[in-house]
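Engineer: Before I ask anything, let me first share the structure, which is written out below as structure tokens.
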Amino acid sequence: MKVRMKNILVWLSLLVLCGTATGEPFVQGGAIGSQTDDGYNALGPVVEQPIEFPHNTHAGQMGINCMYCHTYARRSAVSGIPRLDKCMGCHKLIESVKDKPRIKKLFEYWEKKEPIPWKKVHDLPDFVRFNHERHIQRFYFREDRPVREVCGYCHGDVASMTTARRVKALSMGWCVSCHQKDHLENAATTKTSNGPNDCWQCHK
Amino acid sequence: MSLSNLIKNWSSLRVKRPYEDQYKDKDYKWAMVIDLDACTGCNACTTACYAENNLPVVGREAFSKGQAMHWLRIERYWGEGEHMDKFPDHGAQFLPMMCQQCESAPCEVVCPVGATHHTPDGLNSQVYNRCIGSRYCSANCPYKVRYFNWWQYPERAWPNPLEQQLNPDVTVRSKGVMEKCTFCVQRLTEAKNRARTEGRRVADGEVTTACAQACPTSAITFGNLADDKSQVARIWERQQIKLASDKQEKDENLRGYRIFEELRTYPSVVYLERVRDSEA
């Protein structure tokens, strides 16, 4: 009897777990009609930024490497937004757009010696631990994939946007579904491994 | 997490009992040694733990009801009998008690929602956001080292501007959630991340827990048992303690022991008995 009870408990807890575990893709309750290209109702809201920064001209047309501006992606948990002096390094010398309203605003911040108050677009809950370094090290440095593609797994094609918008679900089901896939360990082998599946890697 | 994945990994999520030396094939198995002879009961470890892990100070009233949140507490034992009569000024013996990170943890199996698991590196995880506060785990813990948030502490414990002192790598827990010592998992993850990028294993002494770091007498040793050159592994070896054994066959004169070993929890913390000079 005791053993049966234990079995029932195990199955009960399994059932409880499955409630959150089955049914991929995990359709999150985003706004109706906010279907992303990988089938999640999860398009993020449009975030008004202090300056409408055009990713499409910088990263798209000019082809500046994402990690020239988002320097920390390869070596820390957060990617970081570039400092104002990184913008100024170029824009002080670019005469063609100096009189445009957005660039004038840029110079205003510079003269006031104030940072631009960019707003956060992608924001995981505080109980989630996320790490850029691990993903960039794996996909960009080991597997040797192009940076625009690697960032695109989780951010979509930012190089075709102006200011960034969240176009991926970033829900637990979505993260885990990629961790379950077989990923090459590096570009030179056919050996594969998964991303971590242990709760404590993503939760703190 | 899909069903197939859960079933595939069931045995690692629900460890029944460790096998002989099975941990040695892994990269990490975190463990600890506490030398009670060196412990002076100064509470520096507890204080460090409060600071590192965002533990709320609950106040006198809640404390008296047993609602304190000290993940690491110093237990006091007053000797009995002849010894105490002879040497009353010997005072208390101290024993720092925290989650023993059991290999076969009684708390894990009773969680109705699977909020507490075994991690691949041998820790008992506690996923706060999954926890529904049934408190079964605490009831089943023989060491009584799981603490429940009876109240919404954060606003009370860290009024503005004290919230600035919170550790951003550790979730601030809210009412209705169980919590316990994590062996400072945020530090371990950080160290493993650094080592991974450099393509190596975490070196001995590269990472330690807040309590071990703060201990003025170095009574606490923390490290990776799977690395047989690490300090903890060497002490375990010297004390003839085997992780997967519930009754150690060891030399009588050795000081090492694990608490409640006979309950088959296979804890990861070894205590070194205090040496008392009965003539002194």
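Protein chains in written order, with my numbering: chain H, 582 to 785; chain C, 5 to 284.
All residues carry an ideal CB built from backbone N, CA and C; glycine is no exception.
The structure presented is a predicted model; accordingly, all values stated were derived computationally and were not measured.
1) Quick one: what does DSSP say Gln156 of chain C is sitting in, helix, strand or coil?
2) Judging by CA-CA distance, which residue of C:Gly83, C:Asp41, C:Ile245 is the nearest neighbour of Asp93 of chain C?
3) Using a threshold of 8 Å, state whether the C-beta atoms of Arg191 of chain C and Ala199 of chain C are closer than that.
4) How many Å lie between Pro626 of chain H and Cys756 of chain H at the Cα?
5) Would Thr120 of chain C and Asn128 of chain C be called neighbours here (beta carbons separated by less than 8 Å)?
6) Looking at chain C, which residues of the segment 686 to 717 of chain H have a Cβ within less than 8 Å of any of its Cβ atoms?
7) Under 8 Å between beta-carbons, which chain H residues line up against Asp173 of chain C? List them in chain order, please.
8) Pull up the CB-CB distance for Thr269 of chain C and Ser142 of chain C, whole angstroms please, since I reckon it's below 8 Å.
9) How many whole angstroms separate the CB atoms of Cys105 of chain C and Trp162 of chain C, which I take to be in contact at a CB cut-off of 8 Å?
10) List the residues of chain C whose Cβ lies closer than 8 Å to the Cβ of Asp779 of chain H, in chain order.
11) Beta-carbon of Tyr132 of chain C versus every beta-carbon of chain H: anything under 8 Å?
12) Run through the segment 51 to 90 of chain C for me and flag every whole beta strand (DSSP E) of 3 or more residues, listed as ranges in chain order.
13) Start and end of the beta strand (DSSP E) containing Gly670 of chain H?
14) Quick check on the DSSP output: what are the complete alpha helix (DSSP H) runs of length 4 or more inside the segment 204 to 283 of chain C, in order along the chain?
15) When the Cα atoms are used, what is the spatial distance from Ala48 of chain C to Gln252 of chain C?
16) Beta carbon of Glu633 of chain H, beta carbon of Arg683 of chain H: below 8 Å?
17) Between the C-alpha atoms of Glu766 of chain H and Arg726 of chain H, what's the straight-line distance to the nearest angstrom?
18) Kindly give me the distance between the Cβ atoms of Arg262 of chain C and Val273 of chain C, rounded to whole angstroms, as I take these residues to be in contact under 8 Å.
19) Using a Cβ cut-off of 8 Å (strictly closer), state whether Asn144 of chain C contacts chain H.
20) Compare the C-alpha of Phe708 of chain H against each of H:Asp738, H:Ile675, H:Ser752, H:Leu687 and name the closest.
21) Does DSSP put Asn144 of chain C in a helix, a strand or coil?
22) Between the Cα of Lys116 of chain C and the Cα atoms of C:Leu99, C:Ser138, C:Val131, C:Gly203, which residue gives the shortest distance?
23) Using DSSP bridges, identify the partner residues of Thr120 of chain C.
24) Helix, strand or coil: how does DSSP classify Cys675 of chain H here?
25) What does a CB cutoff of less than 8 Å around Gln217 of chain C pick up in its chain, not counting 5 residues either side in sequence?
26) The beta strand (DSSP E) spanning Gln97 of chain C covers which residue range?
27) Does the beta-carbon of Glu183 of chain C have 16 or more other beta-carbons within 10 angstroms, so that it is buried, or is it exposed?
28) Out of C:Cys188, C:Glu159, C:Asn197, point me to the one whose CA is closest to Arg177 of chain C's CA.
29) Would you please verify whether the beta carbon of Thr201 of chain C is less than 8 Å from any beta carbon of chain H?
30) Based on Cα-Cα distance, which residue from C:Val114, C:Cys46, C:Asp31 lies nearest to Ile136 of chain C?
31) Using three-state DSSP, classify Tyr151 of chain C as helix, strand or coil.
32) For the segment 697 to 746 of chain H, which segments carrying the alpha helix (DSSP H) assignment without a break, of at least 4 residues, lie completely within its bounds, in sequence order?
33) Determine which residues share a DSSP beta bridge with Val37 of chain C and list them.
34) Between C:Ala207, C:Asn153, C:Ile239, C:Tyr275, which has its C-alpha nearest Asn58 of chain C's C-alpha?
35) Where does Ser758 of chain H sit, in a helix, a strand or coil, going by DSSP?
36) Leaving out five residues on either side along the sequence, give the residues of the same chain with a beta carbon under 6 Å from the beta carbon of Glu265 of chain C.
Structural biologist: Taking the geometry as given:
1) coil
2) C:Gly83
3) no
4) 20 Å
5) yes
6) Pro706, Asp707, Phe708, Arg710, Asn712, Glu714, Arg715
7) Arg710, Lys785
8) With 8 Å as the limit, Thr269 of chain C and Ser142 of chain C do not qualify as a contact, their Cβ atoms being about 15 Å apart.
9) Reading the sequence as shown, one finds Gln at residue 105 of chain C and not Cys. That pair is no contact at about 28 Å.
10) His121, Thr123, Pro124, Ser129
11) yes
12) 77 to 82
13) Segment 665 to 672 is the alpha helix (DSSP H) holding Gly670 of chain H; no beta strand (DSSP E) there.
14) 214 to 218, 235 to 242
15) 31 Å
16) yes
17) 12 Å
18) 7 Å
19) no
20) H:Ser752
21) helix
22) One detail in the question is off: residue 116 of chain C reads as Pro in this sequence, not Lys. The residue with the shortest Cα to Cα distance from Pro116 of chain C is C:Ser138.
23) C:Gln130
24) A quick correction: the sequence has Ile, not Cys, at residue 675 of chain H. The answer is coil: DSSP assigns Ile675 of chain H none of H, G, I, E or B.
25) Ala52
26) 96 to 101
27) buried
28) C:Glu159
29) yes
30) C:Val114
31) strand
32) 713 to 717, 728 to 736
33) C:Thr225, C:Val274
34) C:Asn153
35) helix
36) Asp250
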